Each structure stands twice: as structure tokens, then as C-alpha cells.
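Enquirer: One structure follows; several queries about it will come next.
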Ligand SMILES: Cc1cc2nc3c(=O)[nH]c(=O)nc-3n(C[C@H](O)[C@H](O)[C@H](O)COP(=O)(O)OP(=O)(O)OC[C@H]3O[C@@H](n4cnc5c(N)ncnc54)[C@H](O)[C@@H]3O)c2cc1C
């Protein structure tokens, strides 16, 4: 007979044995973590960060990548790549020589050429970009310029007939091409490029020539060793008249042997700060002949008799530059977010020191200084991504307008992208370097991979237009706009500079109007950008009125002008962020991004506060308020910090960082990584046997 107590315990046990249907129901009811990156075996310090997420990371990914479908496709592509070991690095890139890296990259590239269709939709540039980032990585590849510059240059500048001849071959990868513009002596000042293409009427050929060392093409990516064709920019001379720089399609190497063709001197320019899988090259021509029909003739034409036909309007040439610069913003945002992802994950598993001496060592992410180092850059990464997406949309709109004959907007967009390219690349570099330092000693190790990200990202400060020069281009547009304001023609201002003609309040109302959203912040950014633009323009006009030559006056004002350009650009970035947050319907995502936006506007305003203090637009007490807001939002973002970066959904394959591993198991993997160093293959290095050992032995005698 069962006793009462044994009956009760049997009853209790029966409660624990669930019907399978009940178990399933319970599972469904169990709250799933909002961060979708948690797996068994992860470092608990990282898991605890993920458990505090206030939003679903998949939903945030949809915001970052533009749609739920895009984000899902990225995940699917990453999952496929994870299953294809032939597409993984055969060993960590930092342990390879440059030659090995180039070989490894070419190996993967050929597999990709075969299998691309199984992994992505090759006609979708976003999928292609993601595939490249994962498999080939940011150090470049032997065809990096082929897709980014060569094919776009042919698409934009070759005539239909020329495209029919070259584009299919380029797309099938029968030929590899690049874009060769910069020379040893000149990059920025295109008018003084020295390579010439002189038309020979008798043979109907252009004769390419680099008359001296400074005329050598220098820097073009993949020019040195990989490409067999290039779009080469050279001064076109017909019957003694120089028509300025024009693009020509040029075969550089024999298609069968890949040997340079006679009349061509070509090679690699040597190792660089980073991006070393790309063979940036030099190129010289010795009276090298190409057919007349190799001048890219979509816009400009040269007839057989040497008659030159001008492009219908100069602004057409802007469009390719605007296109590349608009897309660069996303690339920079990705690099910034990658470095921050590494640093923030690592900061969650790195314990060092105590805040409260009675408590255990804290995660370094607890330190306010660490948060201040990382979180404003997280906000910038999002801001750049949103500004980039908006710019690409604007570009597509302007392109449509151009096709129907309205070219006026292209100048506005060209000015904007010049500023964005400059501000974004600079601040990205700043943010990545802070991320590296935030990782302490291990940040300096190539195991973090942050130094490579930094090296690649800051290349963007120079290529596609040197940053200072880009800001000055924007300044030209701002000065023209200021002249309109000065002459009472504000109604003619373009939409991106309309604020220059608007009336502004005497002082900022930040902290004065409760629940004003971001309006007062935007007004403050507008005020400082407007004031600096009008001030710099006035300085320029004033010097000219005093009789200074235009160019001299311009140079004397250029620091002030560039300040105006930066402020104008930073205003656009803030506005784009505000517009994006206002559009969001998902309440959790909106809340998290609103916090980030609060941090952004306050941090950025503090950074440029001197402009607003100068004329008393902001008061000292408002500055204190802004500072307090920064600290408040550092704290609010803290529980979401890891999730805000997890949401970019970079795989471990793509990040290539031991410190930034998804699972947070850093220490054991750092040790494994170090042990795999080629130096550790042997206990005694030849350098010791040959030099150090004899030296020590000699000293001991
Ligand atoms: C990683 C990388 C990849 C590249 N890839 C390519 C490629 O594929 N194809 C290609 O053709 N080129 C390429 N380049 C070259 C690049 O486009 C040029 O280096 C760039 O345009 C800057 O020109 P520069 O080197 O002549 O600099 P410079 O013009 O000599 O700049 C030196 C300094 O002078 C200042 N300066 C110059 N002009 C002015 C001015 N008018 N007003 C005020 N300041 C001025 C600049 O601000 C800068 O501080 C690449 C460069 C890098 C770093």
C-alpha cells in the first residue's frame, strides 16, 4: 500500500512528466531572446549582454540593410558560405605573405566565378558586395577594381557599340580591367596629368605616351599584375589642340600569355599600409598605339577626320563620381561597424579592475570612458548607413531626372556627396582607431584585425578625391548659394541648402521646449552651418572686394570654407538620421534608434559647440544640458550596445577577428591563434642559430 507521503511525491513527480503536447505549448510560450545571436557554449559574459536587448536583432538588421528580405538574404548567403570550406581562408590572413594572400584570393575568386550563381543572385549588387566581403574580405582581391571601376566606367562612358564589344567580355571575366587615372606626379589636379593620347590622322589611331617619370600612371588598383585591360585617362591632342583628359580603353597585356604588350611598362607599386591583396600598379606608354574607336565615346566623339564633338552638358561627367561616392558611404559604415562590433564584444568579455572595490572585476564596457569611446561611433555607423541609403536613393532619382533632361539636381548631389565622402571617411577612421585602443594591448595584435580595417578604411580619405579637396568642392557650391542669399535670391537655392536663406531664431531652444523631438537640435545644426557658410563666404567676397585675385582670396579662406562644408555635411547626416527614425513603425526598433539618435545629436553638437557659443546661440547652461544628455544616453544604450552591433550580422568568417568572435571565447582562441604563428613552427629560429646565439657565445668567452 502506498503511504500518503509516497503518494504525494508520486503526484509531484507526475507533474514533472509532461504530455508532449504540453511541452510543445510551453516551448512556444517561452520567451525567445530578442537577440538572435545566442548559442550554447558562448561566453556567458557575452550572452548576458545579449539577453538585455530591448529589440529583435533581425528586425534591426532589416533597418540596417534596407528591408527584411535583404537582411534575410544576407543571412542565407552567410549560411551557404559557412558550408563551403573551399571559400574560407586556408589560414589567418595575418600569417600569410603578400604573395600568399594574392594567391589565396585568386584561388577563391575562381571558385566564386564558377559557383557564384549557387550562392547569390549575381545581378544583385548588394548580394555581390556581401559575398565579396565574406569570402574575399576587405584586403581586396585581384579583381577588386574590375567590378567597382572598370565595368562602371565602360557602362557610363562607352557608346552602345563599344559596350556591345567590351562589356559582355568583361562581365564573363574573359578580361580583367581597371581604371587608370592618377599619375606619379598628379592625382588631384587632373588638368595637369601628363599622359597624352595624340591623334594620328594618317592611321586613325591614338598614340599613348608618358613623356617622363612623373607621367607614369601610379596607384590604380590591380593595374600592376592582374589586369590585362584598363580605362586610361590621358590628355587628348588632335591636330595640335589639347582637349583635356579623356578616357580610353587600352589593352595592356597579351590575352594568351599575359605578358605586357610592346610599348608598355607595367608593375606593382609595392606594399601599402593595408589593402595589400590589391596590386596597385604603375604604367608607362612608349608611343603605344590604339584605334581611334578606343576613345570612350558615349558623350564625347572624335570623327575619323579628327573632328571633336563635345558632350551635350558637362554635368554628365559628375554622375560616375557621384555614384561611387554614394556607395562608398555604406562601405565605410560597414568598416566602422565591424571595428566597433569587435571592440564592443571584446569589452563585454574583458574584465579588468573594479568600480566598486567590494565587487568583482567589471567588464571594461562598464567604464563610462569606454562607453564614451565606443557608443558615439556606434551612432555614427548607423547615421552613415542611413545617410548612405538616402544618398543612393537621391542619386537614383537624379539619374531619372537627368534622363528626362533635368540636369540641375546633379550639381547639388555632387556637392553633397563630396562632403559626405570626406566627413564620413574621416570620422570612420577616427572611430576605428578608438575601437582599436578600446581593446587595449590585444587591439594592437593582428588577431583583432582592427588595424587592417583601419588601414583599408582610411584609404577612402584619399581615393575618389582627396578629402580636403572634396570639402573645397562642396565649399564652391556653398559660396554660390551664399551669393544667392546675399543678393536676395534665396528662392533659387537648391533643396539641400534652402536653410541658408531661412530666418533663424536668435537663440537655441534646446532644453526649453519639452518633447520637441529633434527639431531644436536640427535648427541648431542649421544655425551653425548657415552662420559659418555666410561668414566664410563673406570673408571670401570681402577679400575680392579689396582687390585680391579670386584664387588667392579662395586659398586665404579655405580653412574657414572647409569648416562650413563639414558643418553642412554633418547637418545632412543628422537630418537623414532623424528622417529615418521618424519613418520607423516598429516600436522597439524606434525606441532603440531614438536613444542612439539622442546620443548622436548631443555628442555631435558638443563636438561643434564652439560655433554655437561664438554668437551666443547656445548658452553655457545649454552646453551643460547637452553634456548631461550625452551621459544619460550612454547609460541608456549600454544594455543594447552588443545587440546594436550584432544586428549588422557580420559572420565570424567576414570579421576575421579573434577578439570579435560571435561566441566571445577570446582567450583560448587567442592562444590557439598565437600558436599557429609561423614563428612557432620551430623552437629555435635560424636568426638565433645564425646571429644571436654566436653573439651570446662570443660575449660569454
Ligand atoms: C588605396 C588607394 C587606392 C587608389 N586607387 C586608385 C585607382 O584605382 N585609380 C587611380 O587612378 N587612382 C587611385 N588612387 C590614387 C588617388 O585617387 C589619389 O592619390 C588621390 O586622388 C589624391 O591625389 P594625390 O595623390 O595626387 O594627392 P595630392 O593632390 O598630391 O595631395 C597631397 C596634399 O595636397 C593637398 N592638395 C592638393 N590639391 C589641393 C588643392 N587644390 N587645394 C588644397 N589642397 C590641395 C591635399 O589636400 C593633400 O593634403 C588610389 C589611392 C589610394 C591611397
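Residue numbers (this note's numbering): 170 to 870. Every residue gets a Cβ at the ideal spot worked out from N, C-alpha and C, and that includes glycine. Keep in mind it's a predicted model, so treat the numbers as computed, not measured.
Any heavy atom of ligand 1 inside 7 Å of the beta-carbon of residue 643?
Expert: Because no heavy atom of ligand 1 lies under 7 Å away, the Cβ of residue 643 does not count as near it: no.
Enquirer: Using C-beta distances below 7 Å, list every residue in its chain close to residue 428, excluding the 5 sequence neighbours before and after it, in chain order.
Expert: Taken in chain order, the residues that qualify are 422.
Enquirer: Taking a contact to mean a Cβ-Cβ separation below 8 Å, would you say residue 803 touches residue 762 in this structure?
Expert: The answer is no: Cβ separation not under 8 Å.
Enquirer: Using only alpha-carbon positions, find the residue among 215, 210 and 208 that is nearest to residue 828.
Expert: Among 215, 210 and 208, the Cα nearest to that of residue 828 is on 215.
Enquirer: Identify which residue in 204, 705 and 694 has its Cα closest to the Cα of residue 674.
Expert: Considering only alpha carbons, the answer is 694.
Enquirer: Identify, in the order they occur along the chain, each residue of the same chain with its Cβ nearer than 6 Å to the Cβ of residue 190, setting aside the five sequence neighbours on each side.
Expert: Low per-residue confidence applies at residue 190: pLDDT is 46, beneath 50, and the placement is therefore not dependable enough to give any value.
Enquirer: Any heavy atom of ligand 1 closer than 7 Å to the Cβ of residue 468?
Expert: Outside the cutoff, so no.
Enquirer: Across which residues does DSSP place residue 415 in a beta bridge pair?
Expert: For residue 415, which the question treats as bridged, DSSP gives the partners 403.
Enquirer: State buried or exposed for residue 232, treating a residue as buried only when at least 16 other CB atoms are found within 10 Å of its CB.
Expert: Buried: at least 16 other Cβ atoms inside 10 Å.
Enquirer: Compute every distance between the C-beta of residue 360 and the non-hydrogen atoms of ligand 1, then say whether any falls below 7 Å.
Expert: No.
Enquirer: Flag this pair as yes or no: are the beta carbons of residue 737 and residue 685 separated by less than 8 Å?
Expert: Cβ atoms of residue 737 and residue 685: not closer than 8 Å.
Enquirer: Should residue 638 be listed as close to ligand 1, given that the test is whether its C-beta is under 7 Å from any heavy atom?
Expert: It does: the Cβ of residue 638 is within 7 Å (strictly closer) of some heavy atom of ligand 1.
Enquirer: Would you mind sorting residue 852 into buried or exposed? The rule is 16 or more other CB atoms within 10 Å of its CB.
Expert: It counts as exposed.
Enquirer: Out of 212, 213, 221 and 839, point me to the one whose CA is closest to residue 201's CA.
Expert: Minimum Cα distance to residue 201 is reached at 221.
Enquirer: Quick check on this structure: which residue in 217, 570, 375 and 349 has the alpha carbon closest to the alpha carbon of residue 460?
Expert: Answer by Cα proximity: 375.
Enquirer: Could you compute how far the alpha carbon of residue 345 sits from the alpha carbon of residue 779?
Expert: Cα to Cα, residue 345 sits roughly 51 Å from residue 779.
Enquirer: Given the structure, does residue 316 come close to ligand 1, in the sense that its CB is under 7 Å from one of the ligand's heavy atoms?
Expert: No, Cβ of residue 316 sits at least 7 Å from all heavy atoms of ligand 1.
Enquirer: With DSSP as the reference, label residue 344 as helix, strand or coil.
Expert: In the structure shown, residue 344 sits in coil (DSSP, three-state: anything other than H, G, I, E or B).
Enquirer: Taking 8 Å as the threshold, find out whether the region 626 to 640 comes into contact with the region 717 to 724 through three or more Cβ pairs.
Expert: These segments do not touch.
Enquirer: Tell me residue 804's beta-bridge partners as DSSP assigns them.
Expert: Bridge partners of residue 804: none, in fact.
Enquirer: Tell me whether residue 654 sits in a helix, a strand or coil according to DSSP, three-state version.
Expert: Three-state result, residue 654: helix.
Enquirer: So if DSSP puts residue 437 in a beta bridge, which residue, or which two residues, is it bridged to?
Expert: BP columns for residue 437 point to 450.
Enquirer: Just tell me which of 867, 612, 680 and 310 has its CA closest to the CA of residue 396.
Expert: Taking only the C-alpha atoms, the option nearest residue 396 is 310.
Enquirer: Considering only their Cβ atoms, is the gap separating residue 605 from residue 619 smaller than 8 Å?
Expert: Against a cut-off of 8 Å, the Cβ pair of residue 605 and residue 619 comes out as a contact.
Enquirer: Within the chosen definition, does the region 229 to 249 reach the region 812 to 832 through at least 3 CB pairs nearer than 8 Å?
Expert: Enough Cβ pairs lie closer than 8 Å, so yes.
Enquirer: Just list the residues that DSSP pairs residue 478 with in beta bridges.
Expert: Paired residues: 470.
Enquirer: Taking 7 Å as the cut-off, is the CB of residue 308 close to at least one heavy atom of ligand 1?
Expert: Because no heavy atom of ligand 1 lies under 7 Å away, the Cβ of residue 308 does not count as near it: no.
Enquirer: Would you identify the three-state DSSP class for residue 738, choosing helix, strand or coil?
Expert: Residue 738: helix per DSSP, three-state reduction.
Enquirer: Excluding the five sequence neighbours on either side, which residues of its own chain have a C-beta within less than 6 Å of the C-beta of residue 866, listed in chain order?
Expert: Counting only Cβ-Cβ distances below 6 Å, and skipping sequence neighbours, we find nothing.
Enquirer: What is the DSSP secondary structure of residue 818, reduced to helix, strand or coil?
Expert: Three-state DSSP puts residue 818 in coil, outside helix and strand.
Enquirer: Helix, strand or coil for residue 464, going by three-state DSSP, please let me know.
Expert: Residue state, collapsed to three classes: strand.
Enquirer: Using a 10 Å radius around the Cβ and a threshold of 16 neighbouring Cβ atoms, would you call residue 556 buried or exposed?
Expert: So residue 556 counts as buried.
Enquirer: For residue 539, which residues in the same chain have their Cβ closer than 7 Å to its Cβ, ignoring the five residues on either side in sequence?
Expert: Correct list, in chain order: 516, 533 and 607.
Enquirer: Out of 568, 386 and 282, which one is the CA nearest neighbour of residue 339?
Expert: Nearest of 568, 386 and 282 to residue 339, Cα basis: 282.
Enquirer: Give every residue of the same chain whose Cβ lies closer than 7 Å to the Cβ of residue 926, excluding the five residues on either side of it in the sequence, and list them in chain order.
Expert: With the chain running from 170 to 870 in the structure shown, residue 926 is simply not present.
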